[in-house]
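Visitor: Residue numbers (our numbering), protein chains in the order written: chain A, 2 to 601; chain U, 2 to 601.
Attaching a single structure in structure tokens format; questions to follow.
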């Protein structure tokens with residue numbers, strides 16, 4: 002196992018120097034905070050991740066979640082982690098003090114969640130799922146339900162899930178079959194149906210589990226317009242929040258997955274063996290809208306999970322590359338001379354640099370989104386709020402889809418650095434690879450993310466969000482272009498941006514002409530190209546801060562020089578691929594669209 | 002599980018229509034063969050793969066190879082598969098009749114090996130490892146040793162391995178530590194040392210296992226120039242081929258791998274507990290040269306293993322995409338209308354088409370190499386032989402490295418088609434993914450393949466092999482360019498070829514100027530670009546044959562049209578990436594080379 006789970010110097014660089022998180026202190030909500038409390042929070046998360054989560058990472062995989070036909074149990078270490086997180090107040094540290102939180106910025110929370118996911122992503126899902134459920138209920142339920150269900154989700158007494166998917170309806174949520182029949186108590190319904198692939202769907206770490214469930218009230222319209230959102234507890238809860246009798250939410254089985262084996266992915270039967278009560282949240286038939294509020298968040302967090310795995314794999318590979326002695330430089334023909342560490346070989350450095358560039362760019366993008374989130378949540382200026390909100394919305398599919406696809410590719414590079422040893426489960430990189438694959442699939446498969454980006458986010462308001470983003474990028478590119486050392490990198494990023502803008506203009510014409518299927522068929526390559534542009538920009542921002550530090554006489558020349566060279570590497574090696582995609586999109590290539598199913 | 006393991010129509014298309022395997026019948030060695038015997042051989046392989054190998058694919062993974070501290074055992078189905086292959090004469094069907102073979106062409110053998118690897122790659126390694134060992138011994142040992150060891154390897158009585166890697170020397174073979182001390186018997190040595198990662202290294206399916214072992218004769222020079230090759234049997238063999246006492250080759254452990262769990266990957270101790278006899282093959286200190294004769298073959302076969310996994314995953318994904326009903330077309334707003342199979346969505350077709358194009362291009366490349374191999378082995382014209390041999394040598398690293406990296410990417414696409422179900426071990430795609438990852442790593446990690454290509458194969462003879470290949474490509478591009486429907490595809494492939502040639506010219510200048518480290522630092526992106534060009538060409542060749550068939554009035558319009566459109570898709574979507582890499586290589590980008598280890 003690696004000694005250092007993550008590069009804390011880099012994380013602090015992103016938080017303090019690039020995102021300038023201390024500027025958030027101007028908002029009253031963070032009045033009690035300071036650089037010191039931020040540091041302490043970050044250090045506490047690091048310690049927990051490194052000393053509690055990480056040491057049992059392999060054990061959790063090895064034992065796995067279990068189902069005996071009735072009960073779901075999870076490995077012992079997950080119980081311990083849960084307890085530690087409860088004691089540390091990690092279930093919802095961003096919520097107000099009076100609700101048990103610490104009012105920390107989302108930016109800092111994202112960094113902490115990143116650290117926990119570096120430690121063990123199965124465990125992190127268990128913990129942060131509960132907080133997420135609490136936030137969802139708080140955002141759209143009435144006071145009474147909030148009081149009844151939320152406090153124990155925030156405190157870590159109860160677990161939480163999201164119950165959308167059914168055996169025959171995942172991507173197509175409009176086809177969900179779960180039903181809700183009104184009962185006597187106001188807002189209370191009898192829920193019936195089966196939900197599949199429910200993360201943390203059942204387990205033995207908490208005394209209760211709260212399921213937000215999408216179901217159709219009997220008589221409601223077909224499709225997504227007839228879905229309502231319900232709170233369905235595993236055990237009933239009285240109005241004072243006391244846990245009572247079993248609510249007939251039964252586990253029907255768990256999935257035998259390639260990875261994330263500690264995480265119980267459960268098929269749940271609601272109301273199969275008796276009345277299962279659910280409480281309507283908000284208005285009827287608006288369930289999907291409410292759920293999406295959580296989903297957008299969940300999607301950025303999926304990006305965090307993915308990049309955390311990539312980051313740990315990279316740290317392991319880096320350490321191995323520095324220690325593993327093998328062969329000699331190509332020009333050294335003396336077989337009796339000492340062997341050198343493999344990091345001495347440029348092809349190994351290339352593999353490491355591809356990982357480093359992707360990880361540092363993507364983590365930066367995620368923290369950037371979280372930072373804008375903080376501003377959106379705290380600022381008063383409605384116009385500016387809208388601008389920032391639109392940018393976050395636009396970037397969310399990139400965090401989720403490019404974050405997950407790119408992380409998996411990054412981990413294959415990490416494994417390759419290990420050679421044969423990487424393919425064996427003795428090192429954690431194989432498990433990280435197995436765990437990581439799901440992030441391209443769940444929380445909305447990446448193809449869906451791409452459609453969300455090109456089909457919904459890009460055209461919104463006639464392209465305002467794209468304009469906001471491009472303008473923000475343009476400012477940063479111009480600033481970097483003023484610096485002599487960064488000028489060539491800035492020029493390259495500018496070239497990429499120009500091509501992406503041209504591709505968007507081209508595609509818009511197709512969309513505006515009503516050729517919707519043709520327009521949307523470009524979604525996946527578009528997301529890839531768009532994300533590559535965004536990462537090149539994020540790395541350029543880091544390079545700019547680094548150059549400023551060097552100009553100001555910083556002694557950390559290795560650290561800051563690396564930021565500049567990493568940005569250069571990404572712009573020069575990935576930038577041309579983004580441009581290639583742009584050109585392909587503009588060429589009108591449409592073979593996949595035109596390829597008939599019977600041709601396969 | 003999928004009903005159809007592979008697309009036999011496509012395989013026959015490649016063999017008979019593209020590679021024109023019937024033309025091999027002109028060689029006397031194949032005099033007893035005909036289209037009918039080829040068909041029968043292929044059908045026998047398909048049947049064995051589909052009815053014997055494939056049904057236990059998941060069981061073999063689940064049970065796994067086991068080590069009890071003394072003995073290595075493999076899952077029961079591997080015993081059955083071994084027996085079936087022995088009865089079917091599958092251990093060395095290409096060798097002469099008098100040696101127990103059937104004198105089939107290498108092209109046909111490659112197709113059969115592909116089918117077996119579609120069925121179960123762990124099992125195929127076990128079987129074809131034995132034949133490979135036999136071929137190695139036959140190619141460089143004296144008559145007596147051949148008579149003593151080879152017949153039972155070809156018959157399937159004994160297993161075989163390749164024992165190169167040691168715990169501290171894998172990529173750097175010159176640092177191997179195993180020693181050989183002369184004994185009384187002529188050519189007989191006492192072998193001492195530890196070998197790691199030995200595929201099929203120990204098991205209970207055969208009465209004996211023959212290890213070709215690289216070791217250094219006491220007093221031999223350091224480095225690769227002091228390595229000799231020995232035959233080391235698990236049990237001693239007398240001059241008549243009778244198995245005798247234990248030869249002190251002991252299993253020290255097996256690897257716990259991410260995949261290929263049925264395949265025993267063993268650490269072997271030679272001579273730790275008593276005298277371990279090895280027989281020198283060929284001349285002393287030329288071991289690596291001999292071993293490389295087998296290795297080049299093994300590398301093409303690794304490409305076959307990889308592409309077989311990708312092909313099965315694709316077939317499974319295709320079937321799922323045709324059956325899985327989910328959602329509606331983007332323009333259909335009626336939620337009560339029936340759902341459609343997901344193959345109706347262009348993004349799913351894109352994922353399928355990416356797989357199809359890569360698999361059909363790569364399998365074609367491999368069969369092309371095998372076809373040239375047949376000519377090299379059978380023809381008399383020394384000049385033409387040399388030309389073809391050089392092309393095969395040049396393409397071998399592409400088969401191995403791009404074959405494995407691309408197959409793994411292809412399988413991630415297959416899993417994505419399944420959504421959440423793909424991540425569960427209930428479908429075989431997760432296992433295929435786990436199994437497949439190793440192919441980028443073993444038989445020479447892909448970075449080594451890239452160095453072999455750019456550092457050795459490309460400059461050979463001042464670039465003659467490149468010229469031979471480019472000329473062959475040029476002819477095919479010109480022929481395709483004559484056809485109206487193919488002209489745009491041919492133009493695209495031509496454009497890619499032009500850029501690749503320009504990149505080679507550029508890099509050659511760097512190499513010739515003596516900047517070896519800089520030259521070789523481009524190896525991995527070079528291999529990627531070069532392979533993409535080669536695959537675009539192979540697909541264009543298929544499109545040309547398809548267009549001819551259509552022109553000749555074939556009724557299989559779907560099948561042949563698909564070939565043309567697949568070639569178009571690859572040229573239009575992958576071609577631009579090859580060009581992007583070419584431009585990057587010519588830009589002089591060298592960040593990974595210049596990036597200091599301490600900057601990470």
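All residues carry an ideal CB built from backbone N, CA and C; glycine is no exception.
At the 8 Å Cβ level, is residue 60/U part of the contact set with chain A, yes or no?
Guide: What you label residue 60/U is simply residue 59 of the second chain in a count that begins at 1. So no, residue 60/U is outside the interface.
Visitor: Just to confirm my understanding: we take residue 518/U, look at its own chain, exclude 5 residues before and 5 after, and list those with CB closer than 8 Å. What are they?
Guide: Taking the first residue of the second chain as position 1, residue 518/U is located at position 517. Only 594 meet the Cβ criterion.
Visitor: Near residue 303/A, what residues of its chain come up, given a Cβ to Cβ distance below 6 Å and the 5 sequence neighbours on each side ignored?
Guide: One-based indexing of the first chain puts residue 303/A at position 302. 401, 440 and 444.
Visitor: For residue 280/U, list the residues DSSP reports as bridge partners.
Guide: Here residue 280/U refers to the residue found at position 279 of the second chain. Looking at the DSSP assignment, residue 280/U forms a beta bridge with 189/U and 232/U.
Visitor: So what does residue 68/U bridge to, in DSSP terms?
Guide: For the purposes of this step, residue 68/U is taken as residue 67 along the second chain, with counting starting at 1. 73/U, per the DSSP bridge assignment.
Visitor: Could you check which residue in 157/A, 73/A and 80/A has the C-alpha nearest to that of residue 101/A?
Guide: Here residue 101/A refers to the residue found at position 100 of the first chain. When each option's Cα is compared against that of residue 101/A, the closest is 157/A.
Visitor: Does the distance from the CB of residue 116/U to the CB of residue 7/U come in under 8 Å?
Guide: For the purposes of this step, residue 116/U is taken as the residue at position 115 of the second chain. For the purposes of this step, residue 7/U is taken as the residue at position 6 of the second chain. Cβ distance < 8 Å, so residue 116/U and residue 7/U count as in contact.
Visitor: To the nearest angstrom, how far is the alpha carbon of residue 32/U from that of residue 26/U?
Guide: Locating residue 32/U in the second chain gives position 31, counting from the first residue. Locating residue 26/U in the second chain gives position 25, counting from the first residue. Cα to Cα, residue 32/U sits roughly 6 Å from residue 26/U.
Visitor: Within 10 angstroms of the Cβ of residue 197/U, are there 16 or more other Cβ atoms? Answer buried if so, exposed if not.
Guide: If you number the second chain from 1, residue 197/U lands on position 196. Buried.
Visitor: Relative to the alpha-carbon of residue 572/U, which residue among 220/U, 277/U, 341/U and 496/U has its alpha-carbon at the smallest distance?
Guide: Position 571 of the second chain, counted from the start, is the residue given in the question as residue 572/U. The shortest C-alpha separation from residue 572/U is found at 496/U.
Visitor: Roughly how many whole angstroms lie between the Cα atoms of residue 106/A and residue 91/A?
Guide: Taking the first chain and counting its residues from 1, one reaches residue 106/A at position 105. Taking the first chain and counting its residues from 1, one reaches residue 91/A at position 90. Each residue's Cα considered, the two are about 13 Å apart.
Visitor: Starting from residue 118/A and walking both ways along the alpha helix (DSSP H), at which residues does that stretch end?
Guide: Taking the first residue of the first chain as position 1, residue 118/A is located at position 117. Per DSSP, residue 118/A belongs to the alpha helix (DSSP H) from 107-120.
Visitor: Short of 6 Å in beta carbon distance, which residues of its chain neighbour residue 455/U, apart from the five on each side in sequence? Order them along the chain.
Guide: Within the second chain, numbered from 1, the residue matching residue 455/U stands at position 454. Around residue 455/U: 524 and 527.
Visitor: Taking residue 104/U as the reference, give the member of 95/U, 112/U and 111/U with the closest Cα.
Guide: The residue given as residue 104/U occupies position 103 in the second chain. Selected option, being the one with the closest Cα: 95/U.
Visitor: May I ask you to list, following chain order, the residues of the stretch 539-564 of chain A that have a beta carbon less than 7 Å from some beta carbon of chain U?
Guide: Sequence-ordered contacts of the stretch 539-564 of chain A with chain U read 559, 562 and 563 [C-beta pairs closer than 7 Å].
Visitor: Please classify residue 72/U as buried or exposed, where buried requires at least 16 neighbouring CB atoms within 10 angstroms.
Guide: Position 71 of the second chain, counting from 1, holds the residue named residue 72/U. Label assigned to residue 72/U: exposed.
Visitor: Going by the DSSP bridge assignment, what does residue 167/A pair with across the sheet?
Guide: Walking along the first chain from the start, residue 167/A turns up at place 166. For residue 167/A, which the question treats as bridged, DSSP gives the partners 170/A.
Visitor: Return the CA-CA distance between residue 120/A and residue 112/U, expressed in angstroms with no decimal places.
Guide: In the first chain, residue 120/A corresponds to position 119, counting from 1. In the second chain, residue 112/U corresponds to position 111, counting from 1. Using only the alpha carbons, I get a separation of about 45 Å.
Visitor: Please report the residue range of the alpha helix (DSSP H) in which residue 245/U lies.
Guide: Locating residue 245/U in the second chain gives position 244, counting from the first residue. First-last for residue 245/U: 244-247, but that is the beta strand (DSSP E), not the alpha helix (DSSP H).
Visitor: Cα-Cα, which of 210/A, 288/A, 170/A and 343/A is closest to residue 419/A?
Guide: Locating residue 419/A in the first chain gives position 418, counting from the first residue. It is 343/A.
Visitor: Kindly say whether residue 176/A, judged by its beta-carbon, lies nearer than 8 Å to any beta-carbon of chain U.
Guide: The count along the first chain starts at 1 and reaches residue 176/A at position 175. True, the Cβ-Cβ gap to chain U drops below 8 Å.
Visitor: Taking the beta strand (DSSP E) that residue 266/A belongs to, which residues open and close that run?
Guide: For the purposes of this step, residue 266/A is identified with residue 265 of the first chain, where counting begins at 1. Unbroken beta strand (DSSP E) run through residue 266/A: 266-271.
Visitor: So what's residue 212/U in DSSP terms, helix, strand or just coil?
Guide: Translated into the one-based positions of the second chain, residue 212/U becomes position 211. The three-state reading of DSSP puts residue 212/U in strand, counting E and B together.
Visitor: Identify each residue in the stretch 170-200 of chain A for which the Cβ-Cβ distance to at least one residue of chain U is less than 7 Å, and report them in chain order.
Guide: 171, 172, 173, 175, 176 and 198
Visitor: Give me, in chain order, the residues of the same chain whose beta-carbon lies closer than 6 Å to that of residue 2/A; leave out the 5 immediate sequence neighbours on both sides.
Guide: By 1-based counting over the first chain, the position of residue 2/A is 1. Residue placement at residue 2/A cannot be trusted, given a pLDDT of 38 that sits under 50; the coordinates are not used to answer.
Visitor: Rank 360/A, 267/A, 331/A and 492/A by C-alpha distance to the C-alpha of residue 515/U and give the top, closest one.
Guide: Locating residue 515/U in the second chain gives position 514, counting from the first residue. Measuring from the Cα of residue 515/U, the nearest candidate turns out to be 331/A.
Visitor: If you compare alpha carbons, which of 30/U, 68/U, 56/U and 13/U is closest to residue 44/U?
Guide: The count along the second chain starts at 1 and reaches residue 44/U at position 43. Nearest C-alpha to residue 44/U: 13/U.
Visitor: Less than 8 Å between the CB atoms is what I'm expecting for residue 283/A and residue 230/A, so what's the real figure, rounded?
Guide: Here residue 283/A refers to the residue found at position 282 of the first chain. Here residue 230/A refers to the residue found at position 229 of the first chain. Contact holds; Cβ gap of about 7 Å.
Visitor: Compare the C-alpha of residue 267/A against each of 296/A, 348/A and 163/A and name the closest.
Guide: Position 266 of the first chain holds residue 267/A. Cα-wise, what sits closest to residue 267/A is 163/A.
Visitor: Starting from residue 250/U, follow the beta strand (DSSP E) in both directions and report where the run begins and ends.
Guide: Walking along the second chain from the start, residue 250/U turns up at place 249. Taken as a continuous stretch (DSSP letters only), the beta strand (DSSP E) holding residue 250/U covers 250-255.
Visitor: With a cut-off of 8 Å, does the C-beta of residue 2/A fall near any C-beta of chain U?
Guide: Counting from one through the first chain, the residue named residue 2/A turns up at place 1. Unreliable positioning characterises residue 2/A in this predicted model, as indicated by a pLDDT of 38, which lies under 50. The coordinate reading is nonetheless provided below. No, residue 2/A lies away from the interface with chain U (no Cβ there is under 8 Å from its Cβ).
Visitor: Where does residue 67/U land, buried or exposed, given buried means 16+ other C-beta within 10 angstroms?
Guide: For the purposes of this step, residue 67/U is taken as residue 66 along the second chain, with counting starting at 1. Looking at its Cβ environment, which holds fewer than 16 other Cβ atoms inside 10 Å, residue 67/U is exposed.
Visitor: Is it buried or exposed for residue 466/A, if we count other Cβ within 10 angstroms and need 16 for buried?
Guide: The residue labelled residue 466/A in the question sits at position 465 within the first chain. Buried is the call here.
Visitor: Hey, out of 15/A, 315/A and 37/A, whose CA is closest to residue 423/A's CA?
Guide: As a first step, residue 423/A must be located in the first chain, where it is residue number 422. Nearest C-alpha to residue 423/A: 315/A.
Visitor: Which residues, taken in chain order from the stretch 348-376 of chain U, show a beta carbon closer than 8 Å to some beta carbon of chain A?
Guide: 348, 349, 350, 351, 352, 353, 354 and 357
Visitor: For residue 341/A, list the residues DSSP reports as bridge partners.
Guide: If you number the first chain from 1, residue 341/A lands on position 340. According to DSSP, residue 341/A bridges with nothing at all.
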